[in-house]
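These notes concern the structure reproduced below.
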């Protein structure tokens with residue numbers, strides 16, 4: 364089977380699976396994308412097919428996450444949180460369908476602007492790759508401090524860098540003593556599913572469960588479905604005004620260049636900048652939503668591609684979170700030494716196979732969201748249990764951890780998940796900080812304690 368056909372098939376799988384997952388509110392990108400991407404890699408998919416799968420997954424997830432955000436007023440995932448206020452404004456006006464169309468159309472435009480921009484910038488920064496590779500330890504440490512400072516926990520995130528590095532390195536030494544090999548996937552999975560696992564710990568705690576108990580089920584009111592276009596595949600350029608297209612193009616281009624910043628932060632920033640220059644509640648909300656969903660796409664795509672092409676080491680929040688398996692998925696991909704998509708793919712490969720993923724996801728997720736958003740939302744709210752989704756991903760984490768290190772891997776994964784998840788939920792030390800500390804832990808411990 365040719366690589367192009369293989370890449371197309373994996374992109375198709377990624378687009379279908381993540382189009383459906385995006386409809387489920389509150390599904391954290393890292394917690395769902397890391398296990399499934401790891402599964403694709405460990406099943407032996409070619410590197411180019413893995414990349415097409417990931418690109419399709421990113422676009423599909425961030426198109427359909429607009430459905431619960433716009434129609435129900437609840438964020439589809441972490442990056443959708445900044446969009447909720449503007450979406451609720453349009454819901455109060457009785458126009459959630461307008462919010463949905465604007466968000467999805469902005470996402471499509473943002474994705475196709477981000478891909479070539481990221482490839483070109485990654486190629487330019489590649490000339491500094493040797494410096495970054497040789498100084499990886501101190502760069503990871505400095506980046507951990509920077510990301511920690513700008514995270515939700517801020518100073519506590521900075522203060523916990525050394526204790527968490529000590530915790531990670533201690534577990535690493537213990538697992539090496541038992542297995543005579545260093546583990547990586549189990550650590551990744553633990554950090555990724557930590558927030559999910561912490562919710563289970565809260566629910567089983569006599570004192571903590573009061574914070575998550577509810578007296579009655581939540582109620583959501585769905586607006587009626589309307590359709591203002593002919594055919595199955597609407598033209599995104601006809602959905603948006605010229606002003607919205609202009610602002611989306613500018614903001615997604617700029618956000619593609621700022622690959623070291625938080626996607627949520629860039630989404631909020633660009634939305635605020637554009638919103639402050641737009642008068643009228645309706646125009647402000649529709650324009651801001653268009654721009655912000657475009658930026659969610661551009662930041663995720665650029666923050667995965669630029670470090671992959673330029674350095675081969677994860678130096679962005681997305682590269683440290685949802686895209687981390689593209690850099691490090693032993694024994695297939697490794698960071699030290701660099702042996703991952705950076706090694707196996709050229710800049711043209713990234714562009715061509717990334718384009719395959721985006722086109723396939725566009726053909727599936729875009730018309731699906733525009734035509735069947737309400738029907739799909741009803742099915743998800745009635746028949747898909749949030750607990751079942753959590754159980755599915757925790758089960759997948761067990762499978763991958765067992766594949767790497769049998770029961771030691773499972774024990775390690777849930778030890779890291781318990782500690783990391785509680786640090787995330789209680790202190791605001793996010794997964795991005797934890798992933799960066801994981802990479803920096805060897806250098807930090809060697810520098811401070813000589814091991």
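Residue numbers (our numbering): 364 to 814. Note that the Cβ used here is the ideal one computed from N, Cα and C, for glycine as well.
Alpha carbon to alpha carbon, what distance is there between residue 770 and residue 761? 9 Å
Would a C-beta distance cut-off of 8 Å place residue 468 and residue 599 closer than the cut-off? yes
Quick check on this structure: which residue in 382, 783 and 482 has the alpha carbon closest to the alpha carbon of residue 616? 482
Three-state class that DSSP yields for residue 692 in the structure shown: strand
Run through the DSSP bridge pairs and tell me what residue 702 is partnered with. 697
Can you tell me whether residue 647 is helix, strand or coil according to DSSP? helix
Kindly give me the distance between the Cβ atoms of residue 764 and residue 548, rounded to whole angstroms, as I take these residues to be in contact under 8 Å. 7 Å
I'd like to check one pair, residue 465 with residue 603: are the Cβ atoms closer than 8 Å? yes
DSSP three-state label for residue 629, please. helix
Cα-Cα separation, residue 677 to residue 738: 39 Å
Verify whether the separation of the beta carbon atoms of residue 710 and residue 672 is less than 8 Å. yes
Could you pull out every residue in the same chain whose Cβ sits closer than 7 Å to the Cβ of residue 528, ignoring the five residues on either side in sequence? 800, 803, 804, 807 and 808
Just tell me which of 811, 813, 783 and 795 has its CA closest to the CA of residue 510. 795
Counting only runs of 4+ residues fully inside the region 504 to 579, write out the alpha helix (DSSP H) ranges in chain order. 518 to 522, 524 to 542 and 548 to 567
Helix, strand or coil for residue 662, going by three-state DSSP, please let me know. helix
Find the nearest neighbour of residue 411 within the set 689, 452 and 638, judged by alpha-carbon distance. 689
Keeping to the same chain, check which residues put their C-beta closer than 7 Å to that of residue 443; ignore five residues upstream and five downstream. 428 and 432
If you draw a straight line from the alpha carbon of residue 715 to that of residue 813, how long is it in whole angstroms? 45 Å
Okay, do the region 535 to 545 and the region 776 to 784 touch, 3+ Cβ pairs below 8 Å being the bar? no
Whose C-beta lies closer than 7 Å to the C-beta of residue 780 among residues of the same chain, with five residues either side of it excluded? 553, 556, 557 and 560
Could you give the distance in angstroms between the alpha-carbon of residue 748 and the alpha-carbon of residue 367? 36 Å
Let me know the alpha helix (DSSP H) ranges lying completely inside the region 399 to 454, each 4 residues or longer, listed in chain order. 410 to 427 and 429 to 435
Would residue 783 be called buried (16 or more neighbouring beta carbons within 10 Å of its own) or exposed? buried
With a threshold of 8 Å, are at least 3 pairs of Cβ atoms found where one atom belongs to the region 715 to 732 and the other to the region 402 to 416? yes
Return the first residue and the last residue of the alpha helix (DSSP H) that residue 488 is part of. 459 to 488
Check whether the region 502 to 519 touches the region 786 to 793, counting contact only when three or more Cβ pairs, one atom from each stretch, lie closer than 8 Å. yes
Does the ligand PLP have a heavy atom nearer than 7 Å to the CB of residue 564? For the structure depicted, the ligand PLP is absent and the ligand set is empty, with no information on it obtainable.
Cα-Cα separation between residue 474 and residue 664, rounded to whole angstroms: 7 Å
So what does DSSP say about residue 755, is it helix, strand or coil? helix
I'd like to know if the region 648 to 661 and the region 441 to 456 are in contact, where contact means that at least 3 CB-CB pairs between them fall below 8 Å. yes
Pair within 8 Å by beta-carbon distance, residue 377 and residue 426: no
Sort 786, 752, 574 and 797 by Cα distance to residue 395 and report the nearest one. 752
How far does the alpha helix (DSSP H) with residue 678 in it reach, from first residue to last? Taken as a continuous stretch (DSSP letters only), residue 678 belongs to no alpha helix (DSSP H), as it is neither H nor E.
Does the beta-carbon distance from residue 785 to residue 564 come in below 8 Å? yes
Quick check: the Cα distance between residue 750 and residue 569, rounded to an integer number of angstroms? 19 Å
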